[in-house]
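From first to last, the protein sequence lines stand for chains E and R. Each residue of the first sequence is one higher than the one before, counting from 0 in numbering that gives the first Met the number 0. Each residue of the second sequence is one higher than the one before, counting from 0 in numbering that gives the first Met the number 0. All residues carry an ideal CB built from backbone N, CA and C; glycine is no exception. On a predicted model such as this, the values are computed, not experimentally measured, just so you know.
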Amino acid sequence: MSDPTTLDQLLAADAADVGCDDTFEVLDRHVEAELAGEDASRRYPGAALHLRNCPACREDHAGLHAAAGEE
Amino acid sequence: MVRRARYLPSPMDAVSRSWVDGLRTLGRQHDLTVARLRALLLRAACREVWRRRATLHVAGAELDDLAHQAADDAVVAILAKLDGFRGDSRFTTWAYKFVMLEVSTKIGRHFARASPARIDEVDWEQIPDRLTDLPEQRVERRELLATLRRAVDEELSERQRRVFVAVALNEVPMDALAHELGSNRNAIYKTLFDARLKLKASLAAAGHALEGSRS
């Protein structure tokens, strides 16, 4: 273990979380909404929740946000 | 103001349309567009492996090789799924998400080969140093961690225990574990999700309710 976290984050599980596949499906739209200054978590609440709890998809989201932001 | 009905597809922007047309056509135009797409994805993959380099323990030619593999496989995935692109985002944003996924997959495979031990072993002594919201009272803290450890050992199935220990405690990339277990990211996450629910229930039953979590 390296980065500090909370027990709450370690055990984060929410029924509204849509999972990796469905988040990937909307990830491009989610990122463009963010880049446009919109509240992406209101348009894609289940995906936004998933991105908080899934380290792998969160990493992909960060990379996509950086790449699309440079366009 | 004219409102479009929700079921109508979004209009595709001209640049995205030109990408899609170029990839759908045959012959030289197709080959040129594929080459342009690969170059675009390779640049994104190189930037992405560089962004993640701190966690990779890879450098130089191996890092470049990883980026090239990710770009190649992303092109294949994009061509296979091109009919699924409706123009709801820019084509390049849609394409980039495939290369990000491929970079994660390649990093996962590399991690599984380089650090197999971290997948199964857990050092419980280090956990209190990392968790920032443990009770201040030493007795409460010890009881909570003992309950958590007992629940990990006794309440979880073997697969749930393996996934929780690797991903949540040892920060093994989920794609590395997916590679190791012959699974996929979505299935690993579902197992992690179920493990977290069980552990929360065990902690709650022992009087250690967590904040801010719904299930």
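For R/Leu-95 and R/Ala-205, what's the separation of their Cα atoms in angstroms? The identity of residue 95 of chain R in the sequence shown is Tyr, whereas the question assumes Leu. Cα to Cα, R/Tyr-95 sits roughly 46 Å from R/Ala-205.
Can you pull the chain R neighbours of E/Pro-54, defined as C-beta to C-beta under 8 Å? Val-166, Glu-170, Pro-172 and Met-173
Boundaries (first-last residue) of the alpha helix (DSSP H) holding R/Ala-145: 137 to 153
Against E/Leu-26, what residues of chain R qualify as contacts under a CB-to-CB distance less than 7 Å, listed in chain order? Lys-96
Short of 7 Å in beta carbon distance, which residues of its chain neighbour R/Arg-158, apart from the five on each side in sequence? Order them along the chain. Thr-190
C-alpha gap between R/Arg-129 and R/Arg-148, whole angstroms: 15 Å
Mind the definition here: the region 35 to 47 of chain R touches the region 58 to 74 of chain R only if three or more C-beta pairs lie below 8 Å; say whether that holds. yes
Considering Cα atoms alone, identify which of R/Lys-199, R/Thr-24, R/Glu-142 and R/Leu-176 is closest to R/Leu-81. R/Thr-24
Cβ distance (whole Å) where R/Ser-15 is taken to contact R/Phe-90 below 8 Å: 4 Å
Name, please, each residue of chain E whose Cβ falls closer than 7 Å to the Cβ of R/Leu-155. None at all; the shortest Cβ gap to chain E is about 12 Å.
Give, in chain order, every residue of the region 183 to 207 of chain R whose Cβ lies closer than 7 Å to some Cβ of chain E. Arg-184, Asn-185, Tyr-188, Lys-189, Phe-192, Arg-195, Leu-196, Leu-198 and Lys-199
Figure out for me which residue from R/Glu-139, R/Ser-17, R/Arg-46 and R/Arg-141 has the closest Cα to the Cα of R/Thr-32. R/Ser-17
Spatial neighbours of E/Cys-53 within its chain, please: C-beta separation below 7 Å, excluding the five flanking residues on both sides. Cys-19
For a cutoff of 8 Å on Cβ pairs, would you count R/Glu-47 as touching chain E? yes
Identify each residue in the region 67 to 92 of chain R for which the Cβ-Cβ distance to at least one residue of chain E is less than 8 Å, and report them in chain order. Asp-87, Ser-88, Arg-89, Thr-91 and Thr-92
Closest residue to R/Leu-133 among R/Val-162, R/Leu-143 and R/Arg-184 (Cα-Cα distance): R/Leu-143
Can you find the residues in the same chain that come closer than 6 Å, C-beta to C-beta, to R/Asn-183, ignoring five residues on each side of it along the sequence? Ala-177
Jot down the residue ranges of each uninterrupted alpha helix (DSSP H) in the region 16 to 101 of chain R, minimum 4 residues, whole runs only, in chain order. 27 to 50 and 59 to 80
Tell me E/Thr-4's beta-bridge partners as DSSP assigns them. R/Leu-130
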